[in-house]
Amino acid sequence: FAACDGTGSIPGTNCKMDGFNLEYAGCNSSNSCPIKHPQYAYVPYSETKPYFDIGKQYVLADEMYASNFDASSFISHQYIISGQAESAVDYPYGPWGCPGGSGDTVAEVGPQRQIPYGREVPCWDPTTLGDELDTAGVPWAYYAVSYSGFPGLWSAYQAINHIYNGKDWSKDVISQPSQFLTDVKNGNLRSVSWVTPTCADSDHAGCGSKNGPSWVSSLVNAIGQSKYWNDTAMFIFWDDYGGWYDAEPPAYVDYDGLGFRLPMLVVSAYAKQGYVSHVHYEHGSILRFVEDIFGLPRLAASDTRAKSPAKDCFNFNQAPRKFKKIPSPLGIEYFLHAPPDHRPPDTQ
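Those letters in the sequence shown? Residues 11 to 358, by the numbering used here.
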């Protein structure tokens, strides 16, 4: 709400978008940051060139927003798998999800965005996209770091009780993220996959690494150079805005959305070439795309209202495009042999 600096009667509405300097900014162990307001800084083009190269070949969606106004990592990752977060905001104190036990709670948001409206244990049982895929007999996988007892790890399904304490946890939730590269190489890619990065590969400001663009380009190159290229769509997006300045105010759609704008890249043999999509998307748009492909029902408000990228980002009547490798400082072999990164990428 501070960054939004809204003038509406409901918090986070009619945003003036001029309060980013009021957001907390930490610079690791330094007593002060090297610049006064890092929220208004930028990342040099040279460090993000693989993203620009992907955008020039495929599609950049420049009106993509977080489905939830809170736009924190824990909540956003729930939206990415189930289109909602049980009215929760902020993040748990301990391990994110069921491992935290009954003593670990998270705040709730009220119908007029009152916070906290109550508290709840973040180990819940909504229907997720994984559940719908199971019912339809469609194989799926969620690749994420998993270290017992760690808070701040991006493994969204550990907050889903029936998955964390069920057979899907050992069958479909896979650690490490680099296993995705191995599965593609060995011809074991499932029909739907989520891939989340380690701290070093995450683009997270506190992780002190430039690996993110190389990690993403390695995922794209792995698919592009495999037998899966002609029938795969890749959506590259971020869970939240990370505290960085943006000029576009999010729309008010309900008590929990929308959040600040995020980048999204769409890669496919059928993606339009060098195209910028100005359609309004949100996290629920990715769910809707998958639901439409496999004939699955809607999960929640976000995927029900969201627009699918299918219409504006793709031309399914064109012949599949030949893949061109995305250059990057680090390649697939580096990530296949990189040591485990035990750091939580985020704690909010």
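Cβ coordinates follow ideal geometry from the N, Cα and C atoms, glycine included.
Query	Result
Spatial neighbours of SER201 within its chain, please: C-beta separation below 7 Å, excluding the five flanking residues on both sides.	VAL148, PRO149, TRP150
Restricting to Cα atoms, I'd like to know which of HIS47, ASP72, TYR34, GLN49 is closest to TYR285.	ASP72
Closest to ASP264 by C-alpha separation, out of GLN122, ASP182, CYS323, would be which residue?	GLN122
In the DSSP assignment, find the beta strand (DSSP E) that holds ARG129 and state where it starts and stops.	128-130
For SER56, does the count of other Cβ atoms within 10 angstroms reach 16, so buried, or fall short, so exposed?	exposed
Sort LEU306, SER228, SER165, PHE247 by Cα distance to LEU143 and report the nearest one.	LEU306
Spatial neighbours of GLY110 within its chain, please: CB distance less than 6 Å, with the 5 preceding and 5 following residues excluded, ordered by chain position.	PRO102, GLY104
CA-CA distance, ILE246 and GLY18?	32 Å
Taking ILE342 and SER228 to be in contact with their CB atoms under 8 Å, please state how far apart those CB atoms are, rounded to whole angstroms.	5 Å
Alpha helix (DSSP H) containing ASP63: first to last residue?	55-67
In angstroms with no decimal places, state the Cα-to-Cα distance between ASP322 and VAL276.	11 Å
Report yes if the C-beta distance between ALA35 and GLN88 is below 8 Å; otherwise report no.	no
Bridge partners of PHE324, per DSSP?	ALA281
Can you give the Cα-Cα distance for HIS7 and ILE296, rounded to whole angstroms?	Nothing can be reported for residue 7, as the shown portion of the chain is limited to 11 through 358.
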